[in-house]
Amino acid sequence: MASNTETILVHEGQHFNSTAAVTAPIFQTSTYIADSNPAEYIKAATEPKHPYFYHRHGNPTNSQVAAVVAKLEKTADALVFATGMAAISNAILAVVKSGDHIVAQLAHYSGTSIFFKEFLTDYGITVTAVDQTDTDAFARAIQANTKLIYIETPSNPNLNITDLKAIGELSKQHEILSMVDNTFASPINQTPRDFGIDIVVHSATKYLGGHSDLTAGIVCGSQDYIAKVWKRSVALGASLAPLDSWLLLRGLKTLSLRVKQINSNALALANFLDQHPKIKKVSYPGLISHPQHELAARQMRGFSGMICIEVDGQDEEQAFKNAQSLINNLNIFINAASLGGVESLIVHPASMWGGHHTQAQKEASGITLGMLRISVGIENVADLIEDLEQALRKLD
Ligand SMILES: Cc1ncc(COP(=O)(O)O)c(C=O)c1O
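At the far end of the sequence shown sits residue 1132, using this note's numbering, and the numbering has no gaps.
#1: In chain order, which alpha helix (DSSP H) runs of at least 4 residues are fully inside the segment 1025-1087?
#2: With respect to 6 Å, is the separation between the Cβ of SER846 and the closest non-hydrogen atom of ligand 1 below this value?
#3: If you measure between the beta carbons of THR862 and HIS837, is that distance less than 7 Å?
#4: Taking LEU979 and ILE1121 to be in contact with their CB atoms under 8 Å, please state how far apart those CB atoms are, rounded to whole angstroms.
#5: Roughly how many whole angstroms lie between the Cα atoms of SER1019 and PRO787?
#6: So for HIS837, helix, strand or coil by DSSP?
#7: MET821: beta carbon under 6 Å from a heavy atom of ligand 1?
#8: Using a Cβ-Cβ cut-off of 8 Å (strictly less than) and excluding sequence neighbours within five positions of THR882, which residues of its own chain qualify?
#9: So, at 8 Å on beta carbons, what are the nonlocal neighbours of THR927 in its own chain, with the 5 sequence-adjacent residues on each side left out?
#10: I'd like to check one pair, ILE1114 with GLN997: are the Cβ atoms closer than 7 Å?
#11: Bridge partners for HIS938 per DSSP, in chain order?
#12: Hey, is the segment 1016-1035 in contact with the segment 1072-1080, meaning 3+ C-beta pairs nearer than 8 Å?
#13: For PHE1008 and HIS1026, what's the separation of their Cα atoms in angstroms?
#14: Across which residues does DSSP place ILE885 in a beta bridge pair?
#15: May I ask you to check if the CB of ASN826 is nearer than 6 Å to at least one heavy atom of ligand 3?
#16: For the alpha helix (DSSP H) that THR743 lies in, which residues bound it at each end?
#17: Quick one, are the C-beta atoms of TYR943 and GLY1076 less than 7 Å apart?
#18: Can you say whether GLU888 is buried or exposed, counting buried as having 16 or more other CB atoms within 10 angstroms of its CB?
#19: State the CB to CB distance for the pair ILE924 and THR741, rounded to an integer number of angstroms; the pair is presumed to be in contact (CB under 8 Å).
#20: Take GLY891 and list the residues in its own chain whose beta-carbon comes closer than 7 Å to its own, dropping the five residues that flank it on each side.
#21: Roughly how many whole angstroms lie between the Cα atoms of THR1104 and GLN1054?
#22: Which residue or residues does DSSP assign as beta-bridge partners of TYR790?
#23: For SER948, verify whether its CB is less than 6 Å away from any heavy atom of ligand 1.
#24: Check each candidate in VAL816, LEU1124, GLY1102 and name the one with the smallest Cα separation from VAL936.
#25: So is GLY973 buried or exposed if we call it buried at 16+ other beta carbons inside 10 Å?
#26: Applying the 10 Å Cβ sphere with the 16-neighbour rule, what's the burial state of ILE885?
#27: Measure the beta-carbon distance from ALA940 to ILE954 and round it to whole angstroms, keeping in mind my assumption that it falls under 8 Å.
#28: Roughly how many angstroms lie between the CA atoms of ILE744 and VAL804, to the nearest whole one?
#29: For ILE878 and PHE851, which I take to be in contact (beta-carbon distance under 8 Å), what is that distance rounded to the nearest angstrom?
Written out as structure tokens, the structure is:
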């Protein structure tokens, strides 16, 4: 099978389609006919590479999606889940047990931060959160019981970058595993395995699905590791439903086209916003002004569609009002959570995640009152710039 991304996206995993249909069918079934020796069949169902048995154990479309993403992420295997958080929690629980320690970042997707702070601690697993821009801080945080370094780059929402090569080397040196949330970059822009990272997780709800019409998650890693994750997933039960899996498979076919358009739109928008007098700060790894641009350019092929801006104001209160007015003045950008779809979205993180984060947590992940997070879509870039221009013109 070809090894170029665009061909992988369209053709990989076709052998999981047991019919003559060019497009994989939706295997809308919860269970499968046993073979002639049920006792052997049930025994086989306790192994990850079993014939299809029951939906929690596997579904052909889920296998096809996993084959595509594993190939893109250069891992031996992968497993799909009903959401990104299901993938992340199952992936972590397959590595750590009570008494173990994780080194993670101060800034993560809020659901991941909550999982670390409020759930893992209840099971005797401790987490040290460090500044991801300070590579030495990861090394300093490693303890005798550390089993995992968990990173997210670019991180949500502040678009800081973690040095993948340094973390890959550090984990090898200490013989512990490294795991990265590659959601913001997508495998089109970044392949963490190239830098020695062991495990890659995604919220496939975002770029991989790409149409804001499903939730899904995926864990990519070695065959032995995915077998461990699979065992837990059968017990925890967050399986991706057949229709959503089929939508994800369809979305994946255009991933490269979409992400390339999004990369190009986002860079143009970031440049426009960077020069606008009513915008105090633009954080986009593709801009030379991003403090970690050089690192981003070393480990990313494109800079993706996530931009963080700070709207200007005489004080924080005014910046807050201006940020909210800007959202209300926009006609094309939709005010909604999530990201990575074909449509451009904008959110005010301080309001959206106000309930989840204390003030100290917001500050630690760099969330300010004037901050807006934009997920750039595939619309015509001139229309997007014009929309932002007219909305900014209306601010005091
Ligand atoms: C970087 C990142 N990881 C994980 C998730 C969780 O994904 P899901 O909402 O599919 O559970 C999100 C959701 O926004 C995210 O932005």
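Yeah, the Cβ is synthetic: ideal placement off N, Cα and C, and Gly gets one too.
Checking against the coordinates, here is how it stands:
#1: Within the segment 1025-1087, the complete alpha helix (DSSP H) runs of at least 4 residues are 1029-1035, 1052-1065.
#2: In the sequence shown, the residue the question calls residue 846 occupies position 110. No, ligand 1 has no heavy atom inside 6 Å of this Cβ.
#3: Taking the first residue of the sequence shown as 1, we reach residue 862 at position 126. Taking the first residue of the sequence shown as 1, we reach residue 837 at position 101. For THR862 and HIS837, yes; Cβs fall inside 7 Å.
#4: Against the sequence shown, residue 979 aligns to sequence position 243. Against the sequence shown, residue 1121 aligns to sequence position 385. With a Cβ gap of about 37 Å, LEU979 and ILE1121 do not count as contacting.
#5: By 1-based counting over the sequence shown, the position of residue 1019 is 283. By 1-based counting over the sequence shown, the position of residue 787 is 51. If you take the alpha carbons of SER1019 and PRO787, they lie about 48 Å apart.
#6: Taking the sequence shown and counting its residues from 1, one reaches residue 837 at position 101. DSSP places HIS837 in strand when its eight states are reduced to three.
#7: Your numbering for residue 821 matches position 85 in the sequence shown. Yes.
#8: Mapped onto the sequence shown, residue 882 falls at position 146. Same-chain partners within the cutoff: ASP836, HIS837, ILE838, VAL839, HIS910, ILE912.
#9: Counting from 1 along the sequence shown, the entry for residue 927 is found at position 191. Excluding sequence neighbours, THR927 sits near LEU808, GLU809, LYS810.
#10: Taking the sequence shown and counting its residues from 1, the one referred to as residue 997 is at position 261. Taking the sequence shown and counting its residues from 1, the one referred to as residue 1114 is at position 378. Yes; because the gap between Cβ atoms is below 7 Å, this pair is in contact.
#11: Counted from its first residue, the sequence shown places residue 938 at position 202. Partner(s): ILE954.
#12: Of all C-beta pairs linking the segment 1016-1035 to the segment 1072-1080, fewer than three are shorter than 8 Å, placing the two stretches out of contact.
#13: Here residue 1008 refers to the residue found at position 272 when the sequence shown is read from its first residue. Here residue 1026 refers to the residue found at position 290 when the sequence shown is read from its first residue. So the two alpha carbons sit approximately 15 Å from each other.
#14: For the purposes of this step, residue 885 is taken as the residue at position 149 of the sequence shown. Beta-bridge partners of ILE885 (DSSP): VAL839, SER914.
#15: What this structure holds is ligand 1, not ligand 3.
#16: Within the sequence shown, the letter at position 7 stands for residue 743. In the DSSP assignment, THR743 falls within the unbroken alpha helix (DSSP H) covering 741-747.
#17: Walking along the sequence shown from the start, residue 943 turns up at place 207. Walking along the sequence shown from the start, residue 1076 turns up at place 340. Yes.
#18: Sequence index remark: in the sequence shown, residue 888 carries index 152 (1-based). So GLU888 counts as buried.
#19: Here the question's residue 924 lines up with position 188 in the sequence shown. Here the question's residue 741 lines up with position 5 in the sequence shown. With a contact defined as Cβ atoms closer than 8 Å, ILE924 and THR741 qualify at about 7 Å.
#20: Taking the first residue of the sequence shown as position 1, residue 891 is located at position 155. Looking at the sequence provided, one finds Ser at residue 891 rather than Gly. Around SER891, the same chain offers GLN841, ALA843, HIS844, GLN868 as residues with beta carbons nearer than 7 Å, after the five sequence neighbours per side are excluded.
#21: On the sequence shown, residue 1104 is found 368 positions in, with the first residue counted as 1. On the sequence shown, residue 1054 is found 318 positions in, with the first residue counted as 1. Those two C-alpha atoms are separated by around 12 Å.
#22: The sequence position of residue 790 within the sequence shown is 54, counting from 1. Under DSSP, the beta-bridge partners assigned to TYR790 are THR767.
#23: Taking the sequence shown and counting its residues from 1, the one referred to as residue 948 is at position 212. Not one heavy atom of ligand 1 is found less than 6 Å from the C-beta of SER948.
#24: Mapped onto the sequence shown, residue 936 falls at position 200. Of the candidates VAL816, LEU1124, GLY1102, VAL816 places its Cα closest to the Cα of VAL936.
#25: Translated into positions along the sequence shown, residue 973 becomes position 237. Its Cβ having fewer than 16 others within 10 Å, GLY973 is exposed.
#26: Residue numbering aside, residue 885 sits at position 149 when the sequence shown is read from its first letter. Looking at its Cβ environment, which holds 16 or more other Cβ atoms inside 10 Å, ILE885 is buried.
#27: On the sequence shown, residue 940 is found 204 positions in, with the first residue counted as 1. On the sequence shown, residue 954 is found 218 positions in, with the first residue counted as 1. Here ALA940 really is in contact with ILE954; their C-beta atoms are around 5 Å apart, less than 8 Å.
#28: Position 8 of the sequence shown, counting from 1, holds the residue named residue 744. Position 68 of the sequence shown, counting from 1, holds the residue named residue 804. Approximately 6 Å between the Cα atoms of the pair.
#29: Taking the sequence shown and counting its residues from 1, one reaches residue 878 at position 142. Taking the sequence shown and counting its residues from 1, one reaches residue 851 at position 115. About 21 Å; that fails the 8 Å criterion.
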